[in-house]
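Undergrad: Here the sequence shown is numbered in the working numbering, starting from 612 and rising by one per residue. Before anything else, here's the structure in question.
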Amino acid sequence: MNTATAEKFPTLGVVILGAGASARMGRPKLLLPWKDTTIVGHLIRQWRELGAGQIAVVHRPNDAPLGAELDRLDFPAQDRIENPQPERGMFSSIVCAADWSGWRSEIGAWAIVLGDQPHLHMETLRQLLEFHSAHAGAICQPEFDGRARHPVILPRRAFDGLKGSPAGTLEIFLKLVPCRRVQCVINDDGLTLDLDAPEDYKRASTSN
């Protein structure tokens with residue numbers, strides 16, 4: 612691990628979204644093999660190496676397979692957030708993370724991380740975090756091909772605004788929340804890919 616990098620983002624919280632049904636994939640996406648671990652293991656490793664202050668995984672109720680994998684990874688039980696109604700969609704998981712009382716007091720910004728983007732390069736994530744550091748208080752997103760992408764970094768003002776928000780999706784929320792929004796142009800075409808179906812997984816895993 613790069614110690615300088617690890618010390619750089621101690622006030623960053625990371626929300627890994629893992630409560631999806633993986634219906635199109637046909638099996639749990641977070642448990643798919645990725646390099647020498649699983650997708651969830653790779654995501655956790657990435658953000659630890661980037662020096663995030665706290666990482667939490669949002670999961671479905673009674674998700675024994677994911678729970679077993681998190682146990683195998685020695686991921687702390689106290690950093691797991693249950694979404695009691697995952698059928699309401701991704702935004703419900705983000706709101707659950709905002710409502711969660713387990714965040715450490717020093718956390719002041721949150722990266723909302725999709726559970727199906729293990730293929731993003733570390734340099735892409737570092738570039739986004741450095742951009743975030745230079746734009747304190749703003750919502751930060753990577754931009755590729757003229758469009759905002761994920762992951763999204765929310766400052767405290769925006770993260771707190773999730774509680775009780777009338778928005779039904781993150782996209783709508785970002786348009787409604789009274790917070791400056793900035794985008795960092797990053798040349799990584801992996802930002803356009805989500806692992807929704809088996810062919811997406813095959814494409815991403817063969818290119819990494």
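For every residue, glycine included, the Cβ atom is placed at its ideal position computed from N, Cα and C. All values reported here derive from a predicted model rather than from experimental measurement.
Would you decide whether Asp647 is buried or exposed? Buried here means 16 or more other CB atoms lie within 10 Å of its CB.
TA: exposed
Undergrad: Among Gly700, Leu806, Pro762, which one has its Cα closest to the Cα of Ala778?
TA: When only C-alpha atoms are compared, the closest one is Gly700.
Undergrad: Please state if the CB of Gln728 and the CB of Asp805 are separated by a distance shorter than 8 angstroms.
TA: For Asp805 and Gln728, yes; Cβs fall inside 8 angstroms.
Undergrad: Rounded to a whole number of angstroms, what is the C-alpha to C-alpha distance between Ser703 and Pro697?
TA: 7 angstroms
Undergrad: Could you say if the region 709 to 717 and the region 655 to 672 meet the contact criterion of at least three C-beta pairs nearer than 8 angstroms?
TA: yes
Undergrad: Around the Cβ of Asp674, are there at least 16 other Cβ atoms within 10 angstroms (buried) or fewer (exposed)?
TA: buried
Undergrad: Counting beta carbon pairs with one atom in the region 775 to 791 and one in the region 743 to 763, are three or more of them shorter than 8 angstroms?
TA: yes
Undergrad: Under 6 angstroms Cβ to Cβ from Leu555, same chain only, skipping five residues before and after it: list those, please.
TA: Residue 555 is absent from the structure shown; the chain starts at 612 and stops at 819.
Undergrad: Give a single yes or no on whether Asp690 has its beta carbon closer than 7 angstroms to a heavy atom of the ligand SAH.
TA: Annotation note on the ligand SAH: not contained in the displayed structure, which lists no ligands.
Undergrad: With a threshold of 8 angstroms on Cβ separation, who are the neighbours of Ile750 within its own chain once the five nearest residues in sequence on each side are excluded?
TA: Val763, Ile764, Leu765, Pro766, Ala769, Leu785, Val788, Cys790, Arg791, Arg792, Val793, listed in sequence order.
Undergrad: Mind pulling the alpha helix (DSSP H) runs of 4 or more residues that sit fully within the region 763 to 805?
TA: 767 to 772, 781 to 787
Undergrad: Should Thr735 go down as buried or exposed, given a rule of 16 or more other Cβ atoms within 10 Å for buried?
TA: buried
Undergrad: At which residues does the alpha helix (DSSP H) containing Arg656 begin and terminate?
TA: 650 to 660
Undergrad: Starting from the C-beta of Trp645, find all residues in its chain whose C-beta is less than 6 angstroms away, skip the five residues before and the five after it, and write them out in chain order.
TA: His653, Pro729
Undergrad: How about Leu661 and Val724: are their beta carbons less than 8 angstroms apart?
TA: no
Undergrad: If we ignore side chains and look at the alpha-carbon of each, how far apart do Arg638 and Leu740 end up?
TA: About 31 angstroms.
Undergrad: Between Pro621 and Ile718, what straight-line distance do the alpha-carbon atoms span, to the nearest angstrom?
TA: 7 angstroms
Undergrad: Go to Gln728, then tell me how far its alpha helix (DSSP H) extends in each direction, as first and last residue.
TA: Taken as a continuous stretch (DSSP letters only), Gln728 belongs to no alpha helix (DSSP H), as it is neither H nor E.
Undergrad: Can you list, in chain order, the residues of its chain with a C-beta nearer than 6 angstroms to that of Val671? Leave out the 5 residues immediately preceding and following it.
TA: Before going on, a small fix: residue 671 reads as Arg here, not Val. Ala630, Pro697.
Undergrad: If you run the structure through DSSP and keep just helix, strand and coil, what is Gly700?
TA: coil
Undergrad: Apply the 10 Å Cβ neighbour rule to Ala722 and answer buried if 16 or more other Cβ atoms are within range, or exposed otherwise.
TA: buried
Undergrad: Any idea what DSSP makes of Arg758, helix, strand or coil?
TA: strand
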